[in-house]
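Per full-length UniProt numbering, the very first residue in the sequence shown carries number 1; after that it's consecutive. All C-beta atoms, glycine included, are put in the ideal place defined by N, C-alpha and C. Input: a single structure, listed below in structure tokens.
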Amino acid sequence: MLFCLILGDAIRNAFLVRTNKNKTVSDLRKDIWKEISNDLEGAYKLILFKVDIPVNDDTDPGSKILADNIKNQQELLPVRMVESYFKEDEDYIFFDEIPNNTDIRIIIQLPTEFANNRIKLVDNTTKFFDELLRPFNEEVSRDNVEQLLSKPLLLKLPCLPDLVVDPNVLESLFSSPIYSSRLSAIVAVVMSRNFKEGPGKEGITMGNIDSHINILIELIQEYARGCSNMSLDRNQAIQSSTTTTENKKYRPDIAVYYNRVLVMMGDAKDINTKLEAAETQLDGYFDYWNPLAFGRLPFVMAFAAAGTTLQFYYYYPGNYKPERVKIGDIIDLGTTNRLNNYKALQYIINFVRIVQTWNCEQYLQVPKIKLFEVIRRKNDTTITITPQKIIKKVHIEDRGPYYKDFFENFYTRIFPNLGGKYVVLQSKFYVKWIYLKFTPVGYLTIPKDENELRDAIWDVLNVVNNLHANRIVHRDIRWDNILRLTNDGWILIDFEEAAPIGRGNLRTPTLNITAPEYRGREDLCQVSGDIWMIGNLFDDCRIRIQLSESARKFRDKLLRQNPAERPTASGALEDNWFKGME
């Protein structure tokens with residue numbers, strides 16, 4: 001029998017619960033819950049801790065046991081047998097007689113809805129990670145990255161006792177201070193797992209990655225101070241009928257970011273003989289070192305997982321062409337040597353230490369673009385940003401019947417000639433959607449002064465002038481659709497709302513930024529509507545510029561209430577505000 005006490009209660013409220021060697025901790029929770037409540041639905045929410053709180057004749061029965069009074073507590077995992085926690089005390093715990101030993105052995109943390117103001121036990125997971133993930137005290141470079149990844153961890157990892165293959169690097173979770181049970185569970189899964197592979201079973205390899213990379217990084221992101229800005233993106237393109245990934249041509253299976261900076265990417269293949277194919281795939285994703293994405297970052301980490309093999313790399317900018325360099329030897333996760341499994345955890349933990357070091361050195365400032373980001377727009381349209389190109393998939397099934405033909409003509413004949421900045425690399429046109437691959441890659445920003453504003457308006461007007469010359473209106477001109485390029489030029493994007501002049505209908509919806517003459521009525525798709533939108537760019541709340549008199553006069557011309565009085569795009573380009581522009 002065990003003396004139990006609810007955290008925050010007085011010692012006089014301790015109660016006895018019977019248990020035996022055949023019960024799990026989950027069974028014990030149910031027995032305890034019967035003593036607390038008649039509602040057995042809440043039993044699974046109890047958290048139990050093994051403690052050793054002495055109770056004798058000198059103990060004040062009114063004293064409350066709070067978290068601060070408890071030392072060396074151990075969380076009881078529901079799947080474990082009660083016996084595994086109390087082997088040294090089995091002479092009295094597993095008998096039905098009231099024990100002479102009256103020490104409190106179980107502390108109960110109630111579910112939130114029952115706990116009132118009781119204090120939770122201190123979770124040391126954050127403290128553990130803060131120590132484990134301390135930045136290196138030396139600069140990270142290509143010369144020492146292999147040495148840093150292989151460095152001994154600063155702390156032992158908690159694990160189930162029978163999986164402690166080396167007590168120098170692992171320790172029993174029962175002898176460790178209390179951590180999130182997820183931490184020891186992650187270590188236990190990795191250390192106990194016989195990693196498998198099979199032809200066509202790429203999903204199995206992704207599961208291997210999940211167990212020792214993805215889940216650990218997500219736990220670190222949640223608990224470690226300084227890592228909340230870390231994020232992980234999975235390219236989850238799995239066919240429902242198979243276990244093989246598809247459509248992975250443009251972004252890696254795994255991308256890890258810090259402050260939106262890509263710091264690691266990875267690719268998976270089904271069997272270990274395809275390691276070279278995974279390397280080639282990584283090279284294909286990362287074909288250009290785009291300065292908009294990396295700032296001062298010296299290199300990007302990567303890994304290839306082919307079946308049960310794992311290889312790490314780094315990429316560095318070699319004249320804007322990323323060069324791949326292998327780090328260390330292949331880690332074989334398909335053997336009985338569990339220290340290989342541990343090494344995978346060790347590399348990932350030290351990788352996070354490298355990221356922490358970069359952050360301290362201010363290498364990880366928020367970039368102008370986030371590589372391999374997938375932006376989702378209305379109607380399931382997706383935009384994928386790669387180092388040198390944009391991949392766009394536009395759904396058109398809810399638009400007019402002429403829409404596909406209109407856009408096929410637009411993207412093959414007109415788009416490449418809009419000022420010489422646009423290049424269509426590939427295009428496919430289907431009944432329900434359009435697929436596009438094009439350049440250039442730019443970034444969203446707002447002009448900071450009138451000179452930048454003038455440059456942006458000039459570039460937008462030139463594109464709009466070409467559109468109007470081809471009898472097309474853009475219909476969606478706003479700062480969210482204007483990018484700045486690396487050469488400081490500006491470019492108008494997102495032509496999916498475009499339409500032939502005068503071809504408005506019920507399937508050409510009126511947008512909420514449209515000219516006043518269209519509000520509450522059908523958009524007639526006139527050039528004057530585009531001109532008004534360009535004038536409205538001046539009045540965006542993000543434009544915090546004291547406009548000159550000539551700028552204000554120009555804006556007012558574009559925003560005239562009577563659409564017939566607004567200038568054309570070609571006429572606007574002749575305005576005095578642009579004097580000296582070419």
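Measuring CB to CB, does residue i end up less than 7 Å from residue j?
i	j	result
Leu5	Ile107	yes
Thr125	Ser180	yes
Ala188	Leu163	yes
Tyr258	Val355	yes
Asp89	Val55	no
Arg555	Gly529	no
Glu131	Leu155	yes
Pro322	Phe351	no
residue 584	Lys21	With the chain covering 1 to 582 only, the question about residue 584 has no answer from this structure.
Thr308	Phe195	yes
Ile213	Ile348	yes
Lys389	Lys437	yes
Tyr314	Val145	yes
Val51	Ile36	no
Ala268	Thr205	yes
Going by the C-beta, is residue i closer than 6 Å to any heavy atom of the ligand ZN?
i	result
Met191	With respect to the ligand ZN, the structure shown offers nothing to examine, as it has no ligands at all.
For the candidate residues the options, whose alpha-carbon lies nearest to that of residue i?
i	options	result
Phe410	Glu497, Val374 and Ile327	Glu497
Asp449	Gly442, Ile457 and Thr309	Ile457
Asn379	Thr357, Trp433, Gly8 and Ile543	Trp433
Lys201	Ala305, Asp143 and Phe299	Ala305
Ser550	Asp575, Ala569, Glu565 and Asp540	Asp575
Arg225	Arg296, Pro135 and Tyr430	Pro135
Pro152	Glu146, Arg142, Val140 and Val169	Val169
Ile493	Tyr313, Val441 and Asp523	Val441
Val463	Leu133, Pro447 and Gly489	Gly489
Arg544	Ala469, Arg521, Leu453 and Asn466	Leu453
Arg478	Leu537, Leu425, Arg484 and Gln526	Leu537
Leu232	Gly207, Gly266 and Ala515	Gly266
Ala255	Val140, Cys360, Met230 and Pro298	Met230
Arg105	Phe312, Val300, Ile482 and Phe3	Phe3
Asn72	Lys30, Cys227, Leu173 and Phe15	Leu173
His474	Ala278, Pro447 and Ala515	Ala515
Phe303	Leu148, Gly8, Tyr342 and Pro252	Pro252
Any idea which residues DSSP pairs residue i with across the strands?
i	result
Ile391	Thr384 and Lys437
Lys269	Ala306
Gly318	Lys321
Tyr443	Arg484
Leu48	Ile108
Tyr313	Ala302 and Lys326
Arg376	Thr382
Met230	Tyr258
Val473	Ala499
How big is the Cα-Cα spacing for residue i and residue j?
i	j	result
Phe372	Arg182	29 Å
Asp27	Thr19	9 Å
Arg330	Leu282	Looking at the sequence provided, one finds Ile at residue 330 rather than Arg. Those two C-alpha atoms are separated by around 16 Å.
Arg12	Asp57	12 Å
residue 586	Ile501	There is simply no residue 586 to check, as the chain begins at 1 and stops at 582 in what is shown.
Thr245	Phe86	Caution is warranted here: a pLDDT of 42 is assigned to Thr245, below 50, making its placement in the model unreliable, and no coordinate value can be reported.
Asn290	Thr439	13 Å
residue 598	Val79	Outside the shown range of the chain, which is 1 to 582, sits residue 598, and nothing can be said about it.
Ile513	Ile491	19 Å
Tyr443	Leu558	26 Å
Asn247	Val374	Confidence at Asn247 is low in this model, with a pLDDT of 48, below 50, so the placement of that residue should be treated as unreliable; the coordinate-derived value is given next. About 14 Å.
Asp539	Thr384	30 Å
Ile217	Ala564	59 Å
Gly420	Thr412	14 Å
Arg566	Leu418	23 Å
Val190	Thr486	44 Å
Leu16	Asp68	23 Å
Ile396	Val431	8 Å
Along the chain, where does the alpha helix (DSSP H) containing residue i start, and where does it finish?
i	result
Cys360	Arg338 to Cys360
Lys553	Glu549 to Leu558
Ala498	No alpha helix (DSSP H) contains Ala498, which DSSP labels as neither H nor E.
Ile215	Ile215 to Tyr223
Ser528	Val527 to Leu537
Glu131	Thr125 to Leu132
Leu461	Glu450 to Ala469
Check for me: the beta strand (DSSP E) holding residue i runs from which residue to which?
i	result
Ser427	Val423 to Phe429
Pro158	Leu157 to Cys159
Phe86	Looking at the DSSP string, Phe86 is not in any beta strand (DSSP E), and its letter there is neither H nor E.
Val17	Phe15 to Val17
Leu5	Leu2 to Ile6
Ser172	Leu170 to Ser172
With a threshold of 7 Å between beta-carbons, can residue i be considered close to chain B, or not?
i	result
Ala278	Within the model displayed, chain B is absent; a lone protein chain is all it includes.
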